[in-house]
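With the numbering used here as the guide, the letters of the sequence shown map in order to residues 3 to 312. No residue lacks a Cβ here, since even glycine has one placed at the ideal position from N, Cα and C. For clarity, every value in this text was computed on a predicted model and none was experimentally measured. Structure first, commentary second.
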Amino acid sequence: GGAMAPKKSQSPLVCHGHSRPIVDLEYSPVTEDGYFLVSASKDGKPMLRNGESGDWIGTFEGHKGAVWGACLNSEATYAGTASADFTARVWDALTGDEVQLFQHKHIVRACEFSKGQGLLATGGAEKKIRVFDLQRPDAEPQTFEGSPAGIRCLAWHADDTLLVSSTGDKGGFWVWDARAGTIAYHLETEHPVTSIEIAPDDATFTTCDGGNVRFWDIRQKSVIKTHSQPFLIESASYSKEKGYFAAGGEDMWVRLYDFETLQELDCNKGHHGPVHNVRFAPDGETYASGSEDGTIRIWRSDFHKEEAQA
């Protein structure tokens, strides 16, 4: 027997359109019209795409600075964005029109719609979290004080009763009581947390800090397992139904792993700069990566199986 044939690499769907680095990606859940992907970029022009094909649907025009965060509500009828222009904005995802502008006093880094209730949480350089009620946009937002540093990531949890945050320069993540606006508890990590994803089961958290991807059983407040690399992993995503997780970081490659064994299943080359975001589509069939190179790439989850059968 000769040497093994070199492993084939897959050709992803490549989404062009942004002129600067991609810094945030979020999929909607599956809706009546399929599912969608929103991207934030330093070019200040967040974009909406068909989540399956990657096809461009529209651009939300109006920010006057880099857009650091982007999110979609559960029905994918609204997009939220967080920007260096000191504003967070809400957009009609069907028309592209700006619906709300929320002025802040410093760079806004993260924004996240609640699952129900019509709330938008924002955070950034001001070290505080604001929660805006979209039904009462002129009302003062609820403000959560006490973050030890500027907010990096936000995620809603436990039927919108808890809100999870991380900071740009202190390790760990904070879980806030969303009604009281106070810190319920803090879980420690070695380095600042650059990505927080809460699985649909609402029990498994996936976080990245430094070179570590950590999976948490949040009910036990404990780490289930940790996967570490000798380089910065900025983002990771877990597909429970597939039993895979995907991760990307400063080495520019997007890797797929078996969750149980931590075995690497696929190593995708193609980006020409660090990978800032990795997220699975809601059906787990594909995962998207966003990079410093300004492109989004959409990869097939089961490519390694197709290869094994070939």
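Item to check | Of the listed residues 222, 242, 205, 259, nearest to residue 230 (C-alpha basis) | outcome: 259
Next on the checklist: Please report the distance separating the alpha-carbon of residue 228 from that of residue 71.
Outcome noted: 26 Å
Checklist entry - Would you call the CB atoms of residue 133 and residue 123 closer than 8 Å? => result yes
Next on the checklist: Assess contact between the segment 51-65 and the segment 109-128, defined as three or more Cβ pairs (one per stretch) separated by less than 8 Å. Is contact present?
Outcome noted: With the rule of 3 Cβ pairs closer than 8 Å, the segment 51-65 does not count as touching the segment 109-128.
Next on the checklist: If you reduce the DSSP assignment to three classes, tell me which class residue 84 lands in.
Outcome noted: Residue state, collapsed to three classes: strand.
Checklist entry - residue 162: which of 13, 135, 174 sits nearest, CA to CA? => result Among 13, 135, 174, the Cα nearest to that of residue 162 belongs to 135.
Next on the checklist: I believe residue 91 touches residue 102 by the beta-carbon criterion, under 8 Å. Please report the beta-carbon distance rounded to the nearest angstrom.
Outcome noted: 6 Å
Next on the checklist: Output needed for residue 240: all residues of its chain with C-beta closer than 7 Å, excluding positions within five of it in sequence on either side, in chain order.
Outcome noted: 199, 201, 206, 208, 217, 247, 261
Next on the checklist: Using a Cβ-Cβ cutoff of less than 7 Å, which residues in the same chain neighbour residue 79 once the five nearest sequence positions on both sides are dropped?
Outcome noted: 95, 96
Checklist entry - Which first and last residues belong to the alpha helix (DSSP H) in which residue 307 is found? => result 305-311
Checklist entry - Helix, strand or coil: which one does DSSP assign to residue 149? => result coil
Checklist entry - From what residue to what residue does the beta strand (DSSP E) around residue 254 run? => result For residue 254, there is no enclosing beta strand (DSSP E), since its DSSP letter is neither H nor E.
Item to check | Beta-carbon proximity of residue 151 to residue 179, cut-off 8 Å | outcome: no
Item to check | residue 279 vs residue 45 beta-carbon contact at 8 Å | outcome: no
Checklist entry - Going straight from the alpha carbon of residue 270 to that of residue 211, what length do you get? => result So the two alpha carbons sit approximately 21 Å from each other.
Checklist entry - Taking DSSP as the reference, what is the three-state secondary structure of residue 288? => result strand
Item to check | Status (buried if at least 16 other CB within 10 Å, exposed otherwise) for residue 249 | outcome: By the Cβ-count criterion, residue 249 is buried, with 16 or more other Cβ atoms from all chains shown falling within 10 Å of its own Cβ.
Checklist entry - Quick one: what's residue 2 bridged to in DSSP? => result In the structure as shown, the chain begins at 3 and stops at 312. Residue 2 is therefore absent and cannot be evaluated.
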